[in-house]
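Take a look at the structure below.
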Amino acid sequence: MDDNTTKGDAVTQNDPAGAPRPRHVRPYGDTTGDGMAQLSFTLPVPHGPRADGAAQQLANKMGIDPAMVVHSHPIGTDFTFFVVYGSVTHLVDLDAVRVVERDYPLLPPAEVNAALKRRLRRKLVVVGACIGTDAHTVGIDAILNIKGFAGEKGLEYYRELRVVNLGAQVTVPDLVRRARAEKADAVLVSQVVTQRDAHILNTQEMSAAFREATGAHCPLLIAGGPRFDPLMSAELGVDRVFGRGTTPGEVASYLVHAITERTAVPA
Amino acid sequence: MPLLDLDPAVVSRARDLAARAAEPVVALARAHTTVAVERATLRLAGITGADTAHRAGDVPWVNRVVDTVGEHCGLEHGVVLPVFHALREHDLGSLTDLAEATAAGQVRFTLPTGAAATRAGKAARTAVARGLRTVDRNRATRDKLVTRLGDPPQRPWIYLIVATGDIDEDVVQAANAARAGADIIAVIRSTGQSLLDYVPEGATHHGFAGTYATQENFRIMRAAMDEVSREVGRYVRVTNYASGLCMPEIAVLAGLERLDMMLNDSMYGILFRDINPVRTFVDQRFSRQVHARAGIIINTGEDNYLTTDDAVDAAHTVTVSQLLNERFAHEAGLPDELLGLGHAFEINPKVPDSFRLELAHALLARELFPDAPLKWMPPTKHMTGNVFDGHLLDGFFNLAGVLTGQSILLVGMMTEAVVTPFLSDRDLALGNVRYVLEAAGTLAEDFRPTPDGLIVKRAHQVLGEAVDLLERVVDDGLLTAIGRGTFGLMKRPADRGKGADGVVEKAEGYLNPATTLLDGE
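Right, here's the structure in full:
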């Protein structure tokens, strides 16, 4: 499902061929406009014809009509698992899709380095951490470690970046202290495993602490993680939010863009 | 039958290096105690419960007592001498009375000398020995139940995680999982519990992405699984986590409540929780001694290195860690059959021959540790949210597990990294395991890697790299190597990290009947 949305977003960008794309689309099974979708779910109903009928009813209410319950099997005595295929009656209005479009160019590492060197004449300092109780460094490591992610090298690989990775379970006061000690230009925080909006509260606490401690000299604050919505930057009090699937190159390119904007404004 | 033709000289060189790397750390562990070791000792001596009147919420009595002893006369002689001396001086009936009096500020702890010290030491030994007898009784009960109900009919044993945050809900999920074929139930802990410097009390219902490890939760789950064990006709094992700042105490609670397996790694806390290295090694040694006494299988955490580092480039760090974990475990009295050394299926599926490389690594672990119940961990790093790819990858993971004779198989979920598993995810995942076990469970009989083929060569290469790394670790010292980021790319200096202030160098005359009894002195 996520993939479909992503493809939908791409359509709103300029079509390289310049041909107009339709504003309204439906899911594609094997024929344009067939609306075919698949889903699976479990109902707390014992397996049997009644359960299959219940699944059919749910799928209809979700806008899948006709719906085919192609598979069902019991899980224990009280539950049934279903796989449903069918045509959805809904249309997607691409003009109503709201996403954060990348508003800066993607640069290869050499150009990132060159731009930073020209602009700063010193290395740009990036401090990264997982804050709160989150011990999952997979996100911050994918962006920072030289190993990188999705075939792109991490920020440590960039000659003009000095990366300080504080790792997991860093407290906000510690992060602020270390960021100031390192004279950080940018602070990256990652939140991977969170619950009850802890990722939002943690990030808000972090941004508030930085603004209080550093005032006008606040470093660029960047939050990342699969649960974040890139539209939330204002709510979180950060400069940028990166969601699922972000690569190191996107973050590096953003850093160049943001630093260029900042240094362009007379102090 | 060995398939890799490993050179026995290289294998024994690797073990010898691991022993040399471990030696100074063991000496360090013997020379220090920690607040957690002292609290664990008091738990063995019979202190239970918490100070519910404290303004910080429930503070366990053991924390109140150990903290107060630390303030009054220091912990370098151990907590038991001042505690049992005070018990007599104040003429209190029980340790709980003493804890209450301590909280009320009525007790002044002092270090006894001469006959008073001998008397206090003797009383402490009696109390701690009583706790250890409970641990022994539990071990005997487990043996009896296994004899009566039986072990799982197949290898690998099927290990499943539940994590709802509410122990009552966990019991429902665990019972369903056991009925559906799980042999081992692990209750994952609430996020962040490893950094709590106390063990929460009572039955808990609000964890974060997991359920708090408490003595009462342990008891509830073990009792429920005893019931299910009778129903399904095999002994269902229960697992929890002896890791973090309270490793020794949790090990004691596991022994007192007859848990069967505990996650317990020699370096995990240092690397992934930034816990002070000395604190970790001291706590680890004590907790492993308790596990050895309780007949608890430990599970080590090598899978974690591969989630942070590359599973091909860092394969040898897994082998090194397994050898170190084995050494530390043997030193603490754990026999091979209680050594659930870990490793994982984490090679990027886009790497050519990734499955053959996985087989090479898994076979290497199998042949290096032939008598250890190896724990085989599923893919997590390359689970992308595409659940269809994930389900296929889990199938290959299961196949690698049966083909290389792994002992404990942690069931992979296609929704790894997406959501906490749905009821249906667990059901589909168990279906995946069952299919592979039934279709290919005895395929190992026909599996003979070519002597000069990629699998054999790769295994030899990884072992060679492990020996090289161990040589460097021996030269530099293990603590320095950890400080430099040798494992999992984490740099952890020996003087930093959480819980460092809870480490105390033992003074002349330090007394702890738990360590004395567990050391077999």
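The listed protein sequences derive, respectively, from chains A and B. Letter 166 of the first sequence, counting from 1, is numbered 165 in numbering that gives the first Met the number 0, and no numbers are missing. Letter 442 of the second sequence, counting from 1, is numbered 441 in numbering that gives the first Met the number 0, and no numbers are missing. Backbone N, C-alpha and C define an ideal beta-carbon position, used for all residues, glycine too.
How long is the line joining the alpha carbons of F217(B) and G75(A), rounded to whole angstroms? 25 Å
Where does V36(B) fall in DSSP's three states? Correct three-state label for V36(B): helix.
Under 6 Å Cβ to Cβ from R97(A), same chain only, skipping five residues before and after it: list those, please. none
Using a Cβ cut-off of 9 Å (strictly closer), state whether T4(A) contacts chain B. Because the pLDDT of T4(A) is 40, which lies under 50, any placement of that residue in the model is unreliable, and the number read from its coordinates should be weighed accordingly. No - not a single Cβ of chain B is within 9 Å of the one on T4(A).
Answer with yes or no whether the minimum CB distance from I74(A) to chain B is below 9 Å. yes
Assuming contact is defined by CB atoms lying nearer than 9 Å, are I183(B) and D259(B) in contact in what I supplied? yes
Which first and last residues belong to the beta strand (DSSP E) in which T238(B) is found? 236-240
Cα-Cα separation, L422(B) to A44(B): 41 Å
Determine the contact status of L144(B) and S228(B), defining contact as a CB-CB distance below 9 Å. yes
Does DSSP classify Y304(B) as helix, strand or coil? helix
Return no unless some Cβ of chain B is closer than 9 Å to the Cβ of V137(A). So yes, V137(A) belongs to the interface.
What are the residues that DSSP puts in a beta bridge with C129(A)? Residue pairing by DSSP places C129(A) opposite S189(A) in a beta bridge.
Cβ of A167(A) within 9 Å of any chain B Cβ: yes
Considering Cα atoms alone, identify which of G191(B), S193(B), T213(B), V237(B) is closest to G201(B). T213(B)
How many angstroms separate the CA atom of G476(B) from the CA atom of R29(B)? Taking the straight line from one Cα to the other gives about 17 Å.
What are the boundary residues of the alpha helix (DSSP H) that includes K374(B)? No alpha helix (DSSP H) contains K374(B), which is instead part of the beta strand (DSSP E) from 374-376.
First through last residue of the alpha helix (DSSP H) which encompasses I166(B): Boundaries of the alpha helix (DSSP H) harbouring I166(B): 166-178, taken from the DSSP string.
Can you check whether the CB of L160(A) is closer than 9 Å to the CB of A222(A)? no
Based on the DSSP output, what are the partners of F387(B) in its beta bridges? According to DSSP, F387(B) bridges with nothing at all.
Drop a sphere of 10 angstroms on the beta-carbon of Q192(B), count the other beta-carbons inside from all chains shown, and report buried for 16 or more, exposed for fewer. buried
Give me the residue from R42(B), V106(B), A123(B) with the minimum Cα distance to V134(B). R42(B)
Near-chain B residues of the stretch 36-47 of chain A (beta-carbon distance less than 8 Å), N- to C-terminal order: S39, F40, T41
Mind listing which residues of the stretch 292-321 of chain B have their C-beta closer than 9 Å to chain A's C-betas, in chain order? T306, T307, D308, D309, D312
In this structure, does DSSP put N13(A) in helix, strand or coil? With a pLDDT of only 48 at N13(A), under 50, the local geometry of the prediction cannot be trusted, and no value is derived from it.
Since L323(B) meets chain A, which of its residues come closer than 7 Å, beta carbon to beta carbon? Neighbours of L323(B) in chain A, taken as residues whose beta carbon is under 7 Å from its own, are absent, since the nearest beta carbon is some 21 Å off.
Could you check whether the Cβ of D8(A) sits closer than 9 Å to any Cβ belonging to chain B? Any answer about D8(A) is weak, because its pLDDT of 41 lies below 50 and its placement is not dependable; what the coordinates show is given next. No, no contact with chain B.
Are Q190(A) and I130(A) closer than 9 Å when you measure CB to CB? yes
Should the stretch 107-115 of chain A be regarded as contacting the stretch 159-177 of chain A, the criterion being three or more beta carbon pairs within less than 8 Å? Pairwise C-beta distances place the stretch 107-115 of chain A in contact with the stretch 159-177 of chain A, as three or more of them are shorter than 8 Å.
Please confirm if N175(B) has its CB atom under 9 Å from at least one CB of chain A. yes
Can you tell which of V417(B), L94(B), A85(B), V466(B) has its C-alpha closest to the C-alpha of F126(B)? Note that residue 126(B) corresponds to Ala in the displayed sequence, not to Phe. The shortest C-alpha separation from A126(B) is found at L94(B).
Work out the CA separation of R176(A) and A521(B) for me, nearest whole Å. Nothing in the structure corresponds to residue 521(B), since chain B is present only between 0 and 520.
Supposed contact pair N263(B) and V502(B) - C-beta distance, whole angstroms, cut 8 Å: Contact doesn't hold; Cβ gap of about 19 Å is too wide.
Cβ of F271(B) within 9 Å of Cβ of A167(A)? yes
So what does V542(B) bridge to, in DSSP terms? This structure gives no information on residue 542(B), because the portion of chain B shown stretches from 0 to 520.
Candidates A313(B), T32(B), R138(B): which alpha carbon is nearest A293(B)'s? R138(B)
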